[in-house]
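J.: Questions regarding the structure given below will be posed in turn.
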Amino acid sequence: MDPINSFFQLFGRTTTPPAANVEIYSWQTCPYCIRAKLLLWWKGVNYTDYAIDGDDAARDAMAERANGGRSVPQIFINNNHVGGCDDLYALDSRGGLDPLLAESSAG
Ligand SMILES: N[C@@H](CCC(=O)N[C@@H](CS)C(=O)NCC(=O)O)C(=O)O
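Count along the sequence shown from 1, then add 166; that gives the number in the working numbering.
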């Protein structure tokens, strides 16, 4: 096995995409967005990224979906609002993220 995959295996990076449909609204240079995407990448998620930099209409649409949340990122798993970056990491810390990611969007 090549060194990078040995590293991933040692530290538990998942490379098989989980079943869930994951969406993230982000700004390209926002550190919270980068941090959230890093965790999703680590878990092998092929997320849909809505890059809404400077797009106020898209931000309004995001806020409507995100129960009024206007900061970025806003993350959705199978159309359910997870919250922002801190919420994503908190969910993972209490063991709730992997089961959600394993659920298919078809239910
Ligand atoms: N606690 C939030 C913080 C997110 C945050 O502060 N994002 C900044 C961009 S890096 C933002 O949206 N700032 C504009 C605003 O809050 O209206 C999270 O974990 O997602």
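From the three backbone atoms N, C-alpha and C, an ideal C-beta is built for every residue, glycine too.
Please read these numbers as outputs of a predicted model, since none were measured by experiment.
What number of angstroms, rounded off, separates the C-alpha of His-247 from the C-alpha of Ala-272?
T.: Roughly 16 Å separates the two Cα atoms.
J.: Is the beta carbon of Pro-274 within less than 7 Å of some heavy atom of ligand 1?
T.: Residue numbering for the chain in the displayed model covers 167 to 273; residue 274 lies beyond these limits and cannot be assessed.
J.: Are the beta-carbon atoms of Tyr-191 and Met-228 separated by less than 8 Å?
T.: Yes; because the gap between Cβ atoms is below 8 Å, this pair is in contact.
J.: Strictly by DSSP, which residues pair up with Phe-242?
T.: Per DSSP, Glu-189, His-247.
J.: How long is the line joining the alpha carbons of Pro-184 and Gly-220, rounded to whole angstroms?
T.: Approximately 31 Å between the Cα atoms of the pair.
J.: Is any heavy atom in ligand 1 found nearer than 7 Å to the beta carbon of Arg-236?
T.: Yes - ligand 1 has a heavy atom lying nearer than 7 Å to the Cβ of Arg-236.
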